[in-house]
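Here's the structure, in structure tokens; my notes come after.
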Amino acid sequence: MVCLHGFMDTWRTWELVLGALERRHDVLAPTLAGHAGGPAFDDALGQAGLVAAVERAMDDAGFQTAHLVGNSLGGYVALQLAARGRATSVVALAPAGGWPKGDDFYPAITRRQAEMHRALQGAALAADALVSTVAGRRRATEVTTVRSSTSRRSCSPTSSAGSRPATRRR
């Protein structure tokens, strides 16, 4: 089973159901290209690049075909993978892609996403500079501690990115 998240999310959107899914399926939950922790997004490739990146992840995990589950943008990608013959079945929850051919909506969104990604890369550099000092690390710890204690659950920053590797049935 391949679980595909929506726009501007990560594989962690599936975290609450992964355990149940893994009891019956091999599961791959990649972070989509251009999303936090996912592979780089090639704006020139557009929609096809998103689909190709998931195909590569499926190939790397040894999935020729799979049950595909996608939400929003992930639903769109799942339907595109099905058109390429990569699906055993598809569940597309509110899939994106209902706009008419030639509509500028999708390219504008991907350009905006690329701009936000570049801005976040700059912010990450500033954050690295901040925590390179003792005072900066102390302040970052204070802010993180306050936020963690007020949130219902927290996760380590290093585990929120990337992708959930394929698991094997238990």
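Note that the sequence shown ends on residue 169 in numbering that gives the first Met the number 0; no numbers are left out.
Idealized CB from N, CA, C, for every residue including glycine.
So, using beta-carbon positions, are residue i and residue j closer together than 7 Å?
i, j, result
"GLY74", "ALA86", "no"
"LEU3", "GLY69", "yes"
"LEU27", "VAL1", "yes"
"ALA95", "LEU72", "yes"
Is residue i helix, strand or coil by DSSP?
i, result
"HIS116", "helix"
"ASN1", "Checking the sequence, you will find Val at residue 1 rather than Asn. It is a strand residue."
"THR140", "helix"
"LEU31", "coil"
Roughly how many angstroms lie between the CA atoms of residue i and residue j, to the nearest whole one?
i, j, result
"TRP98", "THR12", "25 Å"
"LEU31", "THR64", "18 Å"
"PHE62", "ALA56", "9 Å"
"VAL53", "VAL130", "34 Å"
"ALA77", "ARG117", "27 Å"
"ASP41", "HIS34", "12 Å"
"LEU67", "GLY101", "27 Å"
"ASP8", "ASP25", "22 Å"
How is the alpha helix (DSSP H) around residue i delimited, first residue to last?
i, result
"LEU15", "14-21"
"VAL76", "72-82"
Grab the span of the beta strand (DSSP E) containing residue i for me, first residue to last.
i, result
"VAL90", "86-92"
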